[in-house]
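In what follows, a structure is listed as structure tokens, so that the remarks can point back to it.
Residue numbers (our numbering), protein chains in the order written: chain A, 1 to 322; chain Z, 323 to 570.
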């Protein structure tokens with residue numbers, strides 16, 4: 001009857017979103033008067049989940065699952081849900097989790113609501129608030145199935161410490177060979193760089209930067225802030241930057257604490273995609289750019305002067321606050 | 323190779339979103355509907371398979387009669403036949419169940435759907451469909467090659483990409499990258515004329531129960547005015563971000 005949570009790890013280490021979904025699961029478990037059970041694959045520090053309210057960790061140790069496999073992971077979660085009698089399953093919004101969630105939904109005939117931004121509005125009926133229309137609105141969605149799956153939006157609920165002592169149990173799913181009919185041949189992951197999904201701060205450039213050769217200052221600003229770099233749709237369409245950096249309605253959503261837009265005018269599609277960011281800063285030489293209406297802070301000025309200056313000021317700030 | 327492209331009829335990306343009937347319904351008044359962008363990248367990739375590898379391409383949508391202009395557009399772009407399941411889509415599970423019936427009856431080798439629709443953003447239809455039918459599934463697909471019954475797909479992951487090998491029958495959740503923005507096609511007059519003669523088969527829905535229901539909608543809270551910092555005083559921005567916004 002516990003609340004089940006899938007806590008993601010990468011190379012044995014829990015991802016930040018694992019602690020956020022654990023925190024969310026703890027909140028739901030409190031409301032339902034039950035406890036949280038996590039499922040972790042090949043993680044090394046399972047007991048650390050206790051800091052975020054997890055009472056029990058089902059530890060899966062299987063070399064064949066070292067690389068993410070949506071079908072196998074979904075199968076494992078379905079078996080864990082049955083073993084625990086779980087009626088609520090909490091997931092993150094990572095690319096991997098959004099891959100396995102619909103598979104799990106079909107296996108358990110469980111209603112799935114992704115992009116959830118708050119703790120449930122009520123648990124009977126079970127209603128959650130989520131983004132809809134690509135962040136141009138919110139929906140209050142009721143889940144009517146016996147088992148309910150919630151996908152928590154990145155950085156929406158936050159990480160909350162709730163110290164409990166977590167017991168760790170080995171869990172051995174029984175997996176059919178056909179789960180490996182979709183096989184990972186090669187993973188090409190940028191290392192040493194913050195991803196847009198995980199970043200607290202995102203620095204983004206638009207057409208106002210005039211060409212790909214001018215991205216050095218965007219990257220330097222991102223470096224100083226420990227931020228991820230992103231770009232607007234036209235920039236990715238023109239091939240100045242890779243598609244993976246395109247943020248907006250048809251690109252990636254951004255839900256960082258701070259979003260800095262440089263030379264981005266702020267088309268409605270772009271603003272929708274970044275609207276979940278908590279604080280938005282715009283730097284643009286056109287005071288009429290629509291982004292100024294959506295931003296918290298703005299500088300009207302030439303990016304080629306403002307950004308290098310900002311980098312200097314931030315370096316000074318970092319030096320003083322180190 | 324027989325391909326089915328699943329198409330969602332969605333508000334144009336520039337649409338302003340409003341709600342009606344006590345905020346329980348999306349207000350379609352004055353809204354232009356289009357092929358869901360993620361689906362359009364898939365449809366365009368399907369056209370490539372048709373032209374280079376002799377594939378047959380069908381398109382399907384689940385929706386009322388008002389969705390026909392959108393599905394006709396897919397025919398004008400070059401799909402061979404269209405199917406409309408005559409039902410209002412209730413949730414992702416309901417839609418996947420309708421599509422499962424279409425896929426079973428049509429004996430498709432490859433089903434291309436979008437990663438998510440840009441209206442309700444469920445992102446679940448292709449994955450549920452694949453699982454109901456026990457077909458292989460790759461999500462957030464940004465590249466796809468088919469050789470006989472073997473498939474190589476590139477999947478976008480957080481912070482990179484992954485190459486995946488699998489086989490037909492296959493379902494993908496596609497997005498930009500399957501083809502480039504510049505590859506997208508605008509139907510020409512000949513395409514539009516030909517589309518009128520192509521079959522648009524209307525089928526009745528199967529019994530299916532949705533698992534979720536949107537009770538009500540809300541628009542984001544209005545934003546306060548922007549605080550402007552003088553371009554000659556960039557240090558003030560650093561101070562505001564530290565002391566006021568507390569984000570650095």
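Every residue, glycine too, gets a C-beta built ideally from N, C-alpha and C.
What you are looking at is a predicted structure, and each value in this text was computed from that prediction instead of being measured.
**Study point:** Residue range of the alpha helix (DSSP H) that includes residue 258(A)
**Key:** Taking the first chain and counting its residues from 1, one reaches residue 258(A) at position 258. No alpha helix (DSSP H) holds residue 258(A); the beta strand (DSSP E) holding it covers 258-262.
Check your understanding: Would you call residue 512(Z) buried or exposed, if buried means 16 or more other Cβ atoms sit within 10 Å of its Cβ?
Key -> Taking the second chain and counting its residues from 1, one reaches residue 512(Z) at position 190. Answer is exposed; the Cβ neighbour count stays below 16.
Check your understanding: If you measure beta-carbon to beta-carbon, which residues of the stretch 152-168 of chain A are closer than 8 Å to chain C?
Key -> Checking the listed chains, one finds no chain C in this structure; the protein chains it contains are A and Z.
Check your understanding: My guess is that residue 132(A) and residue 360(Z) are in contact by the Cβ rule of under 8 Å, so how many angstroms apart are they, rounded?
Key -> Stepping through the first chain from its first residue, residue 132(A) is reached at position 132. Stepping through the second chain from its first residue, residue 360(Z) is reached at position 38. With a Cβ gap of about 16 Å, residue 132(A) and residue 360(Z) do not count as contacting.
Review point. Is residue 354(Z) helix, strand or coil by DSSP?
Key: As a working mapping, residue 354(Z) is identified with position 32 in the second chain. Coil.
Check your understanding: Shorter than 9 Å from the beta carbon of residue 432(Z) to some beta carbon of chain A?
Key -> Position 110 of the second chain, counted from the first residue, corresponds to residue 432(Z). It does not: the Cβ of residue 432(Z) has no partner Cβ on chain A nearer than 9 Å.
Check your understanding: Tell me which same chain residues have a C-beta within less than 6 Å of the C-beta of residue 372(Z), skipping the five on either side of it?
Key -> In the second chain, residue 372(Z) corresponds to position 50, counting from 1. Excluding residues within five positions, the ones whose Cβ falls inside 6 Å are 379.
Review point. How would you call residue 248(A), buried or exposed, if buried means at least 16 neighbouring beta carbons within 10 angstroms?
Key: Against the first chain, residue 248(A) aligns to sequence position 248. Buried: at least 16 other Cβ atoms inside 10 Å.
Review point. Which one or two residues does DSSP pair with residue 458(Z) in a beta bridge?
Key: The residue you call residue 458(Z) lines up with position 136 of the second chain. For residue 458(Z), which the question treats as bridged, DSSP gives the partners 492(Z).
Point to revise | Any C-beta of chain Z under 9 Å from that of residue 261(A) | key: Residue numbering aside, residue 261(A) sits at position 261 when the first chain is read from its first letter. With 9 Å as the cut-off, residue 261(A) does not count as an interface residue toward chain Z.
**Study point:** the stretch 403-416 of chain Z in contact with the stretch 58-76 of chain A per 3-pair CB rule at 8 Å
**Key:** Counting C-beta pairs with one atom in each stretch, the stretch 403-416 of chain Z and the stretch 58-76 of chain A have fewer than three that are closer than 8 Å, which means they do not touch.
Practice item. Could you tell me the boundaries of the alpha helix (DSSP H) in which residue 512(Z) lies? Key: As a first step, residue 512(Z) is located in the second chain; it is residue number 190 there, counting from the start. DSSP places residue 512(Z) in the uninterrupted alpha helix (DSSP H) bounded by 511-519.
Check your understanding: Nearest-angstrom Cα distance between residue 486(Z) and residue 447(Z)?
Key -> To locate residue 486(Z), count along the second chain from 1; it is residue 164. To locate residue 447(Z), count along the second chain from 1; it is residue 125. Approximately 20 Å between the Cα atoms of the pair.
**Study point:** Listed by chain order, chain Z residues near residue 140(A) by CB distance under 9 Å
**Key:** Counting from one through the first chain, the residue named residue 140(A) turns up at place 140. Counting only Cβ-Cβ distances below 9 Å, residue 140(A) has contacts in chain Z at 536, 537, 538, 539, 540, in chain order.
Review point. The stretch 43-72 of chain A: which residues have C-beta closer than 9 Å to a C-beta of chain Z, in chain order?
Key: Using a CB distance below 9 Å, the part of the stretch 43-72 of chain A facing chain Z consists of 67, 68, 70, 71, ordered along the chain.
**Study point:** Contacts around residue 220(A), its chain only, beta-carbon distance under 8 Å, and the 5 residues preceding and following it disregarded
**Key:** Within the first chain, numbered from 1, the residue matching residue 220(A) stands at position 220. Once the five neighbours on either side are set aside, the close Cβ partners of residue 220(A) are 311.
**Study point:** Continuous beta strand (DSSP E) assignments of at least 3 residues falling wholly in the stretch 149-204 of chain A
**Key:** Secondary structure in the stretch 149-204 of chain A: the beta strand (DSSP E) runs of 3 residues or longer, each lying completely within the stretch, are 167-170, 183-189 in chain order.
Check your understanding: Secondary structure at residue 285(A), three-state DSSP: helix, strand or coil?
Key -> Counting from one through the first chain, the residue named residue 285(A) turns up at place 285. DSSP, read as helix, strand or coil, puts residue 285(A) in coil.
Practice item. Put residue 10(A) into one of helix, strand or coil per three-state DSSP. Key: The count along the first chain starts at 1 and reaches residue 10(A) at position 10. Strand, per DSSP.
Point to revise | Interface positions of the stretch 359-384 of chain Z facing chain A (Cβ-Cβ less than 8 Å), listed along the chain | key: Those residues of the stretch 359-384 of chain Z that come within reach of chain A (Cβ to Cβ, closer than 8 Å) are 359, 360.
Review point. Considering only C-alpha positions, which residue in the set 475(Z), 482(Z), 510(Z) is nearest to residue 501(Z)?
Key: Residue mapping note: residue 501(Z) aligns to position 179 of the second chain, counting from 1. Residue 475(Z) is the option with its Cα nearest to residue 501(Z).
Point to revise | Element boundaries [alpha helix (DSSP H), containing residue 537(Z)] | key: The residue given as residue 537(Z) occupies position 215 in the second chain. Segment 534-540 is the beta strand (DSSP E) holding residue 537(Z); no alpha helix (DSSP H) there.
**Study point:** Three-state secondary structure assigned by DSSP to residue 103(A)
**Key:** In the first chain, residue 103(A) corresponds to position 103, counting from 1. The answer is helix: DSSP assigns residue 103(A) an H, G or I state.
Exercise for review: Quick one: measure Cβ to Cβ for residue 156(A) and residue 199(A), integer angstroms, because I've assumed they're closer than 8 Å.
Suggested key: Here residue 156(A) refers to the residue found at position 156 of the first chain. Here residue 199(A) refers to the residue found at position 199 of the first chain. Going by Cβ atoms, the distance from residue 156(A) to residue 199(A) rounds to 15 Å, so no, they are not a contact pair.
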